[in-house]
Amino acid sequence: MSYHIKEVLWSSILSFLKLQKGIHTNDENKLRLFIEAIFYVLPTGLSMENATILLR
Numbered sequence: 787m788s789y790h791i792k793e794v795l796w797s798s799i800l801s802f803l804k805l806q807k808g809i810h811t812n813d814e815n816k817l818r819l820f821i822e823a824i825f826y827v828l829p830t831g832l833s834m835e836n837a838t839i840l841l842r
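Using the working numbering, the letters of the sequence shown correspond one by one to residues 787 to 842.
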């Protein structure tokens, strides 16, 4: 699978998240996809049009 977050940055993010209480890091692939989704939405937010597409 191709990711937008570079390996070096992902390694730092994952190391930080593993230190946080209550963050489940067992499935790194799911966690990485979730963080990638957050990074995708951060710059502009999520329009209602895109939100309804995601909920279908």
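C-beta atoms are modelled at their ideal positions from N, C-alpha and C, and glycine is treated no differently.
Quantities reported herein were computed from a predicted structural model and do not represent experimental measurements.
- When the five nearest sequence neighbours on each side are left out, the beta carbons in the same chain lying within less than 8 Å of the beta carbon of residue 791 are those of 799, 818, 821, 822, 825, in order along the chain.
- Beyond the five residues adjoining it in sequence on each side, residue 796 comes within less than 6 Å, by CB distance, of no other residue in the same chain.
- Counting along the chain, no alpha helix (DSSP H) covers residue 807, and no H or E run does either.
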